[in-house]
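Only one structure is covered here, and it is reproduced in the block below.
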Amino acid sequence: MTRIAFDAATVEVGGRVLLHPLTLDLTERRVAVIGANGSGKSTLLKLVDALQEPTAGTVRVDDLDTRASPAAVRARVGFVFTDPAAQLIMPTLREDVVLSLRRSVPRRDRATRADQVLARFGLTDLADRSVFDLSAGERQLGALAVVLAVDPAVLVLDEPSTLLDLRNTLLLRRTLEGLDQQVLLSTHDLDLAASCERVLVLEGGRVIADDAGPAAVAFYRRRCDEGLRPGPSGTAA
């Protein structure tokens, strides 16, 4: 597995600390990051793909420093955004996959490779459809296919099931389970998080728990329950 190393990595924007100094190594095959909105999950993930530079400290993907070698890092790390509209920019799904292959596959081979990728995800029948005619689940799988077409070593997903119904959430979960890539994801789906080898719980830009999936999720549930208990005045504690 790839080693993702944070060494006192900190992110501060406009005087506000989004991520307090973070030092840890991630080498597990499946890692989830959970926490409330605004807790720093997306900031942490963007550091791994060099979409966000640390204000202080370093982040390394194996021997690559994300600040010094962002292009090389992005060649190893694929990033899937919460909203697939951020990644599906061409008229059809096939054209989006072909576009993603422009730096790694000779022009004459791109269409064939794109069809192979789409077939892998059961998207062959949708290859020539406008992305605007696809369901939310189909668009999310399409964005995943676009990113995986270049075979990154690490796949980072920012809340991939947020826009999906239950059926498509289960489909996405099965798809992720079958991937060879190391996966790092943020999610509000606690069942998905519990299935991961390791889970980080974030609160206020700090990691407050770091444990195996079921244990970390149980901690987070207790934390949420405590926050909802009525205080002395009848308000949430």
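Each position in the sequence shown, counted from 1, maps to that position plus 2 in the working numbering.
Backbone N, C-alpha and C define an ideal beta-carbon position, used for all residues, glycine too.
All values reported here derive from a predicted model rather than from experimental measurement.
Counting along the chain, the unbroken alpha helix (DSSP H) around residue 98 starts and ends at 95-102.
The criterion of a C-beta distance shorter than 9 Å is satisfied by residue 158 and residue 47. Looking at 35, 131, 165 and 154, the one whose alpha-carbon comes closest to that of residue 192 is 35. Rounded to whole angstroms, the gap between the alpha carbons of residue 16 and residue 27 is 28 Å. The stretch 98-111 and the stretch 141-151 touch, with no fewer than 3 CB-CB distances between them shorter than 8 Å. Within the stretch 134-216, the complete alpha helix (DSSP H) segments at least 4 residues long are 138-150, 168-179 and 192-196, listed from N- to C-terminus. Contact between residue 166 and residue 174 holds: CB atoms are separated by about 6 Å, below the 8 Å threshold.
Per DSSP, the unbroken alpha helix (DSSP H) holding residue 78 starts and ends at 72-78. In the same chain as residue 123, and ignoring 5 residues on each side of it, the C-beta atoms closer than 6 Å to its own belong to 143 and 147, in chain order.
Residue nearest to residue 75 within the set 38, 60, 52 and 194 is 52 (criterion: CA-CA distance). For residue 115, the closest of 220, 139, 138 and 153 by C-alpha to C-alpha distance is 153. Residue 198 counts as buried, since no fewer than 16 other beta carbons sit within 10 angstroms of its beta carbon. The residues 10, 11, 12, 58 and 59, in chain order, have a CB closer than 8 Å to that of residue 23 in the same chain once the five nearest residues on each side in sequence are set aside.
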